[in-house]
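Numbering (my numbering), first residue to last: 121 to 474. Ideal Cβ placement from N, Cα and C applies to all residues, glycine included.
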Amino acid sequence: IRADLEAEGIKFHTETDTESAVQYLASVYCGDPKEAIVKLTKRIRGAFALVIMFHDKPNEIWVARKGSPLVVGHAGEEGFCASDPTALLEFTRDVWFMDDDEIAMISKGGCTFYDFDGNPHEKESMHLDWEAAMTSRGNYPHFMLKEIHEQPEVVTHTLLGRVASNRVDLSHELDWTPEQISGWKKIHFVACGTSHYATMVAARIMEEVGNFEIRTEVASEYRYRNIPIGPDTLAVFVSQSGETADTLHAARLAKAKGAKCIVVTNVRGSTIHREVGEALITPAGPEIGVAATKTFMAQITVLTLLGLYLSKLKNELCPETEQRIVSALMDIPAKLASILEKEKEIEAVARNFA
């Protein structure tokens with residue numbers, strides 16, 4: 121694009137790809153933003169999330185997505201867009217998660233959606249469960265400390281509705297039958313970063329309670345290795361944000377090869393949730409800190425419940441083992457709280473080793 125535009129005499133001021141997109145839009149714009157953006161999407165390659173305003177359309181914001189997260193919202197006569205829904209909580213809890221190859225126009229009247237050919241389509245909004253206060257530090261000096269202290273409550277919420285009387289039940293979230301899962305011979309846990317570590321913990325527990333052939337894989341490697349994947353595979357993809365690119369691509373690969381796919385994510389309606397469909401949501405609320413804390417604990421908790429539930433459906437889980445592990449999970453919030461009560465002592469020890 122840049123070479124073509126420079127050949128036409130257009131002068132560039134930076135070396136960025138962004139300017140190439142802007143200069144191309146300016147060269148093809150004839151008063152119709154949608155038409156210009158459609159032309160742009162036909163020319164550019166790779167992942168992008170574009171937010172565009174045209175000088176003669178001051179009351180419109182145009183956005184386009186391919187491969188990069190993008191969410192839009194609307195409240196009253198105001199429109200918003202961001203890469204993460206937490207940025208919109210202060211303004212609205214009703215949002216639209218943009219799909220790949222999708223364009224949106226945000227105006228005072230609302231949001232209108234189009235595909236990359238310019239055809240309009242209807243799109244349902246999603247109401248976020250999170251409160252705006254969840255994105256505030258409160259009295260904590262930084263978000264990471266706040267989120268560490270939220271761990272007892274998060275584990276409690278993760279167990280809520282999934283265990284009762286020391287028994288696990290995920291039937292209201294996973295419509296699985298013993299006959300269906302009898303065909304799954306292998307379980308693949310696929311994730312990146314801290315989520316990968318959570319799957320490693322869960323795999324150890326699942327090996328204890330059930331007769332599973334388990335692999336834990338880093339998503340960026342899973343995509344490129346020649347791993348046998350098929351209808352006999354249950355592939356569990358774990359992503360806090362639901363937008364982790366490598367995990368998303370790995371899920372698409374497994375799905376294309378016929379594996380049964382499920383996602384564990386903290387963001388309902390995220391890209392991986394929409395594409396995979398079946399999900400276990402970790403109700404941890406927004407995690408602002410870069411280092412995973414409360415979401416890590418929530419992932420381990422829900423993955424442990426998944427292992428117990430699978431073993432139960434396969435009739436391989438003895439009641440005593442189920443009761444022992446569920447009881448231990450239910451004790452975790454109180455144990456976490458007791459550790460956090462020793463915060464000052466822990467801080468003093470940490471300073472000696474820092």
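A residue is called buried once 16 or more other Cβ atoms fall within 10 Å of its Cβ, and Ile459, having fewer, is exposed. By the Cβ criterion, the segment 267-283 is not in contact with the segment 435-442, since fewer than three pairs of Cβ atoms, one from each stretch, lie closer than 8 Å.
Note that the C-beta distance between Val446 and Val288 is below 7 Å. Judged by beta-carbon spacing, Arg165 lies beyond the 7 Å limit of Ile121, meaning their Cβ atoms are not closer than that value. Secondary structure note for Val148: its alpha helix (DSSP H) is the uninterrupted segment Asp137 to Val148. Given a length threshold of 4 residues, each whole run of the alpha helix (DSSP H) inside the segment 263-345 is given here in chain order: 263-269, 271-279, 298-301, 313-329 and 339-342. Taking all protein chains shown into account, Ile401 has 16 or more neighbouring C-beta atoms within 10 Å of its C-beta and is therefore buried. Beta-bridge partners of Val422 (DSSP): none assigned.
Ranking Asp366, Thr161, Pro178 and Asp176 by CA distance to the CA of Leu170 puts Thr161 first. Leaving aside the five residues that flank Asp237 on each side, the residues in its chain whose CB is nearer than 7 Å to its CB run, in chain order, Val158.
Distance from the CA of Lys131 to the CA of Ala156, rounded to the nearest whole angstrom, comes to 20 Å.
Here Ser302 has Lys434 as same chain residues with Cβ atoms under 8 Å from its own Cβ, once five neighbours each way along the sequence are excluded. Relative to the Cα of Val384, the nearest Cα in the group Ser203, Glu398, Val338 and Asp152 belongs to Glu398. Less than 7 Å divides the Cβ of His247 from the Cβ of Asp214.
Boundaries of the beta strand (DSSP E) harbouring Glu222: Glu222 to Ser227, taken from the DSSP string.
When the five nearest sequence neighbours on each side are left out, the beta carbons in the same chain lying within less than 8 Å of the beta carbon of Asp176 are those of Gly151, in order along the chain. Annotation: Pro453 to Val283 spans about 14 Å, alpha carbon to alpha carbon. DSSP places Asp124 in the helix class (H, G or I) of the three-state scheme.
Here the segment 225-236 makes contact with the segment 188-201; the two share three or more CB pairs at distances below 8 Å. Annotation: Arg165 is outside any alpha helix (DSSP H) and is labelled neither H nor E by DSSP. Scanning its chain for C-beta atoms nearer than 8 Å, with the 5 sequence neighbours on each side dropped, one finds around Pro153 the residues Ile172, Phe174, Lys177, Glu180, Trp182 and Met225, in chain order.
Taking all protein chains shown into account, Ala468 has fewer than 16 neighbouring C-beta atoms within 10 Å of its C-beta and is therefore exposed. Under the three-state reduction of DSSP, Tyr260 is assigned to coil, being neither helix nor strand.
According to the DSSP assignment, Ser188 belongs to no beta strand (DSSP E), since it is labelled neither H nor E. Per DSSP, reduced to three states, the secondary structure at Val469 is helical. Distances from the CA of Glu395 to each of Phe217, Arg345 and Ala184 were compared; the closest alpha carbon is that of Phe217. Using a Cβ distance threshold of 7 Å, Gly409 and Phe263 count as a contacting pair.
Straight-line measurement puts the Cα of Ile347 at about 15 Å from the Cα of Cys381. With a cutoff of 7 Å on beta-carbon distance, Val358 and Gln419 are scored as near each other. Contact check for Ala339 against Ala370 passes: the beta carbons are separated by less than 7 Å. Cβ neighbours of Ile325 within its own chain (closer than 7 Å, five residues either side excluded): Thr424 and Gly427. Taking each of Ile334, Cys201, Ile268 and Ser431 in turn and checking the Cα distance to Glu299, the smallest one comes out for Ser431. Where Ala448 is concerned, there is no enclosing beta strand (DSSP E), although the alpha helix (DSSP H) around it starts and stops at Pro439 to Leu460. In this structure, DSSP gives Val383 an extended state, which the three-state scheme calls strand. A Cβ-Cβ distance of about 34 Å is found for the pair Glu222 and Arg257, leaving them out of contact under the 8 Å criterion. Less than 7 Å divides the Cβ of Phe168 from the Cβ of Ser188.
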